[in-house]
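Protein chains in written order, with the UniProt record's numbering: chain X, 1 to 631; chain B, 1 to 631.
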């Protein structure tokens, strides 16, 4: 998969019009210059409007151009509407405010009439509560278009406010917050209850903020980058190009699938050159990670974790996972080391190792085991234990064709199997995205009764990890995954397997629960309770926790989906995501304390989680009321 | 009403047993000494239990006494269960923790088997996350009993930590928080999602904390006060009495209907004396406010605000409100002043005043108007305008019997009436608990067209007020008022009229919206938008806003339900309550910023509200989606 030519993306590029006196002409100009869409004011600038008082109040004339000027498909695919620049619904002047409210309502209603796909609304300060309310009330109503909230990457005042955080006092910090565009957006979208129809139109500024600041935007629903023509340099041939720093910046947003809008007057010959440059820049971003190729289309898509103990996997599922280029080669190398350790070189001829693959599926681990023994030059007798009768068919076919006497196929649940002998090596692949979440501990505890006292379990250890994250994208995915007959909050008490793209890590990842095999504890207890504290890196909003695992297969052979140690190229596991019911605003330096439980009864295993600092919140999934894993 | 003997309350008193070797005997002792119930350990102290390891694990013997020892009605009405004192599910020692979990589960299950009405669970620190989770998981499950969380009024360490807040540093404040029992409770009940089955058993300590601290407890669901016998002094006759300070403290909790439990060894002759003293103390608390008598049974009971424009009031509703001892006498005194101002003494014989009562109901304001004119010795001609055809019947009966030609009864909506002449004085009583919430502004704007240019409106002005409050009681009432066919969050977007008892004000009350009549504005605009900032007095949890109004009837004659200026004895209005969807933890000194809108369209008026500081939250009731007032 990594040898194929990695995919690249075609950019969708728009052009910003300050005014469009003749909308047909403007749109023709847009298309001629290879742009995909145009930003245009809804209201015609020549048509004066007054709503409360004044002569224009009773004008009979239309307030803007007719919808007949364009075909409806052009309105709905080519035009993003802009509100009139003088609208200020947060004005201190009550009359001005009311006039603005009426003007805004009129324009938003007309945009709906035209069936535009989006409206762009500029944000210029942290105090735009009434704007947020007004927009939200339209979004809650019948209007179905997207709202692009336009904010600059860096406030015009940011440089003047540059602070050394260690010496800044409380008022300095407050002032810095008021001039931080992300904070503007954060207040705005909070008032709008994180509505998924809200997106960010990020205006790239000459000054580029800190890497932290940019990373934070990568966790937001950024719909488009606005590139002012003034940002472009001129290359030797006279064409517009971005500085290296701005190129790097733009490339970071490519994986989010953002659109681009060129704004400002043409200063490089033709407006077409900007589009050509942007298209070129986008094409140059190769998406190299094989995981990205494998995961294409799965970005931020919620899946319920597999329950292989309860349900039998399908052939297709086996097939996908058997293709992992990394996982089975690591297993094979762990097995080879274990086999060599188990039988010294000089006894290679005399002793036959007994190895059992519990949960053999369609046989990839059996195959790896036989190859490992071959490489180590040791004799091995393999039991392939599998509870899925459909997979047994495949195993028996392999035995018939290839494995013959070397492998005994056992159609049985490993927890119930009465093994005829004890094993030297017990091999399994029962790990889920969170390590223990497919009940590997319970299964292996059951299976270890037929492992020799000094036998080896592969894997020998696994650890789950969590990291607090911000992602209004995932928050909305969870919120929208309602089912008719279930309580709407149930979905916030369920973990999801999800390829997490549009998110921000708020702190460092930390280890949570660890399990070792064989498990010599008396009594064996697979319940867990752990409290972790995370230091928050920067102001943000907590939407939940990403979960990962690392496993030691044998000695130094490891597999990991923890980003810090991720096995390169391995795609068998997406991370897990534990949501929280209510977004929690956090400040830089806050200590976030979270408690995780792994609990069980005779039928089920489940997790519960609960935040206790900086403010205490409710236990999620008490008694496994919303989600359990069946034994 | 205020002349009757005010009500007093009989206290329900319990007795705490450290052990109860013979439960029948203990219960007989309880009853003989006039106690209503007893606190007893669930597990029998002689029966050792081990769950994970140890010899006692496989004991065949029962772990406690049999349910047959008492009748089931005694178990369910006379016994509050206590968990074993050694249980510590938050122990650092994993084995001890697991043992404790098993012991706790066993005792809680047995308490459910016995159908006890409550279990008491002691809290001794802020770090009892696992205890909270465990209790909550039982409460979420099948167990239906109450949980009384036992906390001391003041931590044993409080004195040593006494801080001067102005010089304390951050760590000092954190430490003080960790040793504040209210903070223990706050974390515990937050983890338990404010479950209404959780209550507080407050152990009165020798030292009494600050008035603020006690006020905060009055906003919590305190179910009982625990009084240690060591708290009692001995009077001259040898009987136990409480100090004056402790008496005052206890009396504050009487209106909440708390129970009392006597705990500790008998040091004043007989255990009966404590019960007698407490009973005496409770009897001595007279509930003097006539509002309390009127409101009895309505404490914290949510009512939807009346919609008199949409619905016709019933006879009984008119009757209740006509009985207000204050409202109509204030109206009469305002009218008398207005009448005197309108016609100078020397023209009393010549001029007849035209007065209109709009929304006359069954006629109390007509009656007051006639009396006022008589007292002022002026001639008055009255129009009684009423839209409810049922009330017209009453008005016509009054006219026939008493009023005769002085009053013209008009069966018409005041907004539609075509008056035959203009009025000198326009009288109305259209105010709701929040002033404008029964649409007085819209009605009077419609009616003022038949008021003389220099005519007088009674009322001439009204102002709404809000105050941020903590009340898990009201939060739960709102949460539980679900309707099957409606979204569960709808109830958090509706204001309620409610006699608010179990609540705490987190800051000072502030004025919100003001309306003046007659309204000379062009154009008239009854929409409002206001942002208020509240400085928070002490750590607490915001559950919503209490709303009140003040009105100037005429000149210096006022009516008010704002607690700071409440018209003594007036009972016509309970306050209004605006909930918020998610409890918000606030710290002393925080600035809470809230935005309120009064909005309208051609059919409806509604409020929206939204918190923007210290953290921004969603707009409540956008577009009036959950609650409107019909025009």
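Don't be surprised by glycine CBs; every beta carbon is placed ideally from N, CA and C.
As the structure is a computational prediction, the values presented were derived from the model and not from experiment.
Residue contact check for residue 619 of chain B against chain X: a CB pair falls below 7 Å. DSSP places residue 543 of chain B inside the beta strand (DSSP E), whose first and last residues are 540–554.
Spatial neighbours of residue 180 of chain B in its own chain (CB-CB distance under 7 Å, excluding positions within 5 residues in sequence) are listed in chain order as 155. Collapsing the DSSP output to three states places residue 520 of chain B in coil.
Shortest Cα-Cα distance from residue 80 of chain X to any of X/36, X/245, X/599 and X/478 involves X/36. Pairwise C-beta distances place the segment 412–432 of chain B out of contact with the segment 562–570 of chain B, as fewer than three of them are shorter than 8 Å. Legend: CB atoms of the segment 24–56 of chain B lying less than 8 Å from CB atoms of chain X belong to residues 52 and 53. For the pair residue 231 of chain X and residue 176 of chain X, the Cα-to-Cα distance works out to about 25 Å. In this structure residue 528 of chain B does not touch residue 549 of chain B by the C-beta definition: roughly 14 Å separates them, more than the 8 Å allowed. Looking from the CA of residue 205 of chain B, the closest CA among B/151, B/69 and B/132 belongs to B/151. DSSP links residue 201 of chain X through a beta bridge to X/150 and X/224.
Just so you know, the alpha carbons of residue 71 of chain B and residue 259 of chain B end up roughly 23 Å apart. Cβ contact annotation for residue 48 of chain B (same chain, cutoff 6 Å, sequence separation greater than five): 56, in chain order. For residue 179 of chain X, not one C-beta of chain B is nearer than 7 Å to its own C-beta.
Judged by their CB atoms, residue 51 of chain X and residue 99 of chain X are nearer to each other than the 7 Å cut-off. Secondary structure of residue 389 of chain B (DSSP, three-state): helix. If you look at residue 279 of chain X, you'll find it isn't in any beta strand (DSSP E); it sits in the alpha helix (DSSP H) that goes 272–283. In the structure shown, the three-state DSSP call for residue 582 of chain X is strand.
The straight-line gap separating the alpha-carbon atoms of residue 194 of chain X and residue 541 of chain X is approximately 11 Å. For residue 588 of chain B, no Cβ of chain X is located within less than 7 Å of the residue's own Cβ. With a minimum length of 3 residues, the unbroken runs of beta strand (DSSP E) contained wholly in the segment 65–146 of chain B fall at 79–82 and 118–122. Minimum Cα-Cα distance from residue 96 of chain X among the listed residues X/106, X/53, X/117 and X/207 corresponds to X/53.
In this structure, residue 422 of chain B sits near residue 450 of chain B, with a CB-CB distance shorter than 7 Å.
In the structure shown, the three-state DSSP call for residue 195 of chain B is coil. Flagged as an interface residue toward chain B: residue 187 of chain X, by a C-beta distance shorter than 7 Å. For the pair residue 191 of chain X and residue 619 of chain B, the CB atoms are nearer than the 7 Å cut-off. Counting along the chain, residue 263 of chain X sits inside the beta strand (DSSP E) bounded by residues 259–263. Between residue 438 of chain X and residue 430 of chain X, the CB-CB gap stays under 7 Å.
DSSP links residue 334 of chain B through a beta bridge to no other residue. Rounded to whole angstroms, the Cβ separation of residue 495 of chain B and residue 305 of chain B is 6 Å, and the two are in contact under 8 Å. At a cut-off of 7 Å between beta-carbon atoms, residue 466 of chain B makes no contact with chain X. If you look at residue 173 of chain X, you'll find it isn't in any beta strand (DSSP E); it sits in the alpha helix (DSSP H) that goes 170–178. Scanning the segment 349–414 of chain X for uninterrupted beta strand (DSSP E) segments of 3 residues or longer gives 352–358, 379–386 and 407–411, listed from N- to C-terminal end. Interface annotation, residue 66 of chain X: not in contact with chain B, CB-CB separation never under 7 Å.
For residue 57 of chain X, the three-state secondary structure derived from DSSP is helix.
In the three-state DSSP reduction, residue 303 of chain B falls in the strand class (E or B).
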